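Under the numbering used here, the residues of the sequence shown are numbered 20 to 559, in order. Ideal Cβ placement from N, Cα and C applies to all residues, glycine included. Computed from a predicted structure; not experimentally measured.
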Amino acid sequence: MLETVNIILNLVLAITIIAGGWFAVQKNINLTTPILKISVGLVQSVLVVSGVIIATHLLQKLFKKVTKSKADLITAVTTVLVLGAITTVFLYLKDVPAFDDYLYDNLEMLSFLVLFVTFFTFLFLGTPISVGLAISGLMTLGLQIDVHNLVATTGEKLFSGLDSFGFLALPFFILAGNIMNQGGIAERLITLAMLFGKRIPGNLWQTNIVANMMFGSLSGSAIASSSAIGGIMTPMAKAKNYNMPFTTAVNAASSICGMLIPPTGVFIVYSLITGGSASIAALFLAGYVPGIIMGVSVMIVAYIYARKHNYPVDDTNHTAYEVGIIVWRAVPSLFLIVVVIGGIIGGIFTAIEASGIAVAYSLVLSIVYKNITWKSLVSIVSNSAINSSVILFLIACSGLMSWSMTFASIPDTIGNFLIQISDNKYTILLLINLTLLLVGVFMDMSPAVLIFTPILYPVVTGLGIDPVHFGIIIVYNLSMGIVTPPVGTVLFVSCNIAGEKITNVIKPLLPIFLVQLIGLLLITFFPAISLTLPKFFGLL
20 MLETVNIILN LVLAITIIAG GWFAVQKNIN LTTPILKISV GLVQSVLVVS GVIIATHLLQ
80 KLFKKVTKSK ADLITAVTTV LVLGAITTVF LYLKDVPAFD DYLYDNLEML SFLVLFVTFF
140 TFLFLGTPIS VGLAISGLMT LGLQIDVHNL VATTGEKLFS GLDSFGFLAL PFFILAGNIM
200 NQGGIAERLI TLAMLFGKRI PGNLWQTNIV ANMMFGSLSG SAIASSSAIG GIMTPMAKAK
260 NYNMPFTTAV NAASSICGML IPPTGVFIVY SLITGGSASI AALFLAGYVP GIIMGVSVMI
320 VAYIYARKHN YPVDDTNHTA YEVGIIVWRA VPSLFLIVVV IGGIIGGIFT AIEASGIAVA
380 YSLVLSIVYK NITWKSLVSI VSNSAINSSV ILFLIACSGL MSWSMTFASI PDTIGNFLIQ
440 ISDNKYTILL LINLTLLLVG VFMDMSPAVL IFTPILYPVV TGLGIDPVHF GIIIVYNLSM
500 GIVTPPVGTV LFVSCNIAGE KITNVIKPLL PIFLVQLIGL LLITFFPAIS LTLPKFFGLL
């Protein structure tokens, strides 16, 4: 039943995109782009095309469901009638002077309620987050804009939400990460990591952590890291009778280090949301120390656990030649970091150009390693395109929601509320940390960053907090969220790889989270931890 309701909600958005795109095409058909002199309306016709494709697919799904089940047919009809009734009542009320006056006097409060009540209702219904964001934003804008202008605005805002050259970096970094995930790089990094952790009790855990930090910094994906590294380390841990729930917890909690250690796509999104106030290069450098702190936190807990339970160390002796071979095999992979970050800091190329270089470098490396074929490359490109489209559509829809929040002055209202609680920036940061940790439990990182950055950014910058520092805080918080149920995607992946129940992994995760929370407090209250490197390289 809920699936049928969601199909109709998706269809409503698709039709809105078609209509909004058509209005945008008509409005801008005679405008041309400054360099290529292409019609802006022609470019915006992609909204109409996309909407038609989405609507066609949804209509096919809906037709199959209602023809197979009378219950689905009744649900579909009921949903359409309810949506029509709500729209009719709302349009009627907007013409009533008393309601219009009440709406004007309480606009901010009503906008806040409509936006978040509808959004969380959609979440409860299982509606895709992007669709929930867009429809919630539309309903909020509908309090102030008539239907015709609302539909026209939808097309403009969805298009402008992605009208930034910086977003080109996202699909390229995603593609680079997927190539590296298939290119045999993980095995080489694990072998190198074993050299670092071999003399420490529970050395396989230390190896897992170090390998996750290195691979995560290359791929920029916690899921890719937990699956690639965990897929290799888990059988080894089982063979040596390691505690598997704790092994799973270690893999999950350390795989998120790559969300902070650059290059990582979430910093690109955050930078673009803030209008470039926090530069991508500065965010990249600022993420190193916090990412290492996050990884060291897991190392500390793993060391204590291993010492307590008398785990042995690896007493294998490697010759200088063997060590040299291991390092030599891993250096080309690690050199990608030098190329990308060094090139950005040195001003040789931008972060967007660096993403293309990362793709080329990782592809050449995978070909040299002979771990990639034409067939697998086609699959990698296809999966990267799908993953990129999902993220970019989410960004476009969140842009619509963000604009509706700004239009209704919701960030200002929340900012004033927080300042009334306290005007001390550290107290406000503590409240924000608690909020983000709670949000991370129920929401994945991408939508959380897209929703809460526009709300909280004006508050923290108004208190004199550096945008780069706040970017590190928000990413660190939400990174922990993707390891916590019920939405903890990384935790699910790690448990699936290890064949462990989530309930068994929660207990060993708790002490790791405690130490990572201490790291969060250090990063929050000592900005120099994040900002020293960007300042040293003259980026702040």
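Three or more Cβ pairs closer than 8 Å define a contact, and the stretch 380 to 389 falls short of that threshold against the stretch 261 to 269. The continuous stretches of alpha helix (DSSP H) do not include K56, and DSSP gives it neither H nor E. CA-to-CA, the gap between I405 and D442 works out to about 44 Å.
Going by C-alpha positions, L152 is about 19 Å away from T23. In terms of Cα proximity to V99, the closest of Y289, N25, I193 is N25. M464 and I36 have their alpha carbons spaced roughly 25 Å apart. Taking the Cα of T425 as reference, the smallest distance to any Cα among Y495, I474, V400 is reached at I474. Under the DSSP assignment, D120 falls in the alpha helix (DSSP H) whose first and last residues are 116 to 124. Fully contained in the stretch 293 to 364 are the following alpha helix (DSSP H) runs of length 4 or more, in chain order: 299 to 305, 307 to 327, 339 to 364. Rounded to the nearest angstrom, the Cβ distance from A377 to P282 is 7 Å, consistent with a contact under 8 Å.
Comparing alpha carbon positions, the residue from L50, F42, I429 closest to S58 is L50. Inter-residue distance for S498 and L157 is about 29 Å (C-alpha atoms, whole angstroms).
With fewer than 16 other Cβ atoms inside 10 Å of its own Cβ, K89 counts as exposed.
Here DSSP, grouped into helix, strand and coil, assigns S423 to helix. Residue burial annotation: E341 is exposed, with fewer than 16 other C-beta atoms found within 10 angstroms of its C-beta. Residue state for V502 is assigned as coil, using DSSP reduced to three classes. Separation of the CB atoms of P116 and L304 is rounded to 57 Å, and the pair is thereby denied contact status at 8 Å.
Its chain contains S245, G249, T267, N270, A271 as the residues whose beta carbon lies nearer than 6 Å to that of S513, once the 5 sequence neighbours on both sides are disregarded; these appear in chain order.
DSSP, reduced to helix, strand and coil, places L92 within a helical segment of the structure shown. For the set I537, P527, L550, the Cα lying nearest the Cα of N262 is the one of P527. Remark: C-beta atoms of I493 and L455 approach each other more closely than 8 Å.
With a cutoff of 8 Å on beta-carbon distance, A43 and F184 are scored as not near each other. Taking C-beta atoms as the reference points, G277 and A241 count as a pair closer than 8 Å. In the displayed model, N515 falls within a helix according to three-state DSSP. Setting aside the 5 residues that flank it on each side, Y380 is surrounded in the same chain by L355, V358, each with a C-beta closer than 7 Å to its C-beta; the list follows chain order. Three or more beta-carbon pairs separated by less than 8 Å are not found between the stretch 193 to 202 and the stretch 62 to 80, which leaves the two stretches without contact. The C-beta distance from P190 to S403 rounds to 7 Å, short enough to meet the 8 Å contact threshold.
Setting aside the 5 residues that flank it on each side, A188 is surrounded in the same chain by I287, A370, I371, S374, each with a C-beta closer than 6 Å to its C-beta; the list follows chain order. For D124, the closest of A427, K327, E519, W224 by C-alpha to C-alpha distance is A427. Its chain contains G151, S155 as the residues whose beta carbon lies nearer than 6 Å to that of F138, once the 5 sequence neighbours on both sides are disregarded; these appear in chain order. Counting along the chain, S246 sits inside the alpha helix (DSSP H) bounded by residues 241 to 258.
Contact annotation: P477 and G434 have beta-carbon atoms nearer than 8 Å. Of the other Cβ atoms in all chains shown, fewer than 16 fall within 10 Å of the Cβ of W393; this residue is therefore exposed.
The shortest CA-to-CA distance from P254 to any of G518, V534, T522 is the one to G518. Just measuring C-alpha positions, the residue of T472, V96, K56, I399 sitting nearest G294 is T472. Around the beta carbon of L211, a 10 Å sphere encloses 16 or more other beta carbons of the protein chains shown; the residue is thus reported as buried.
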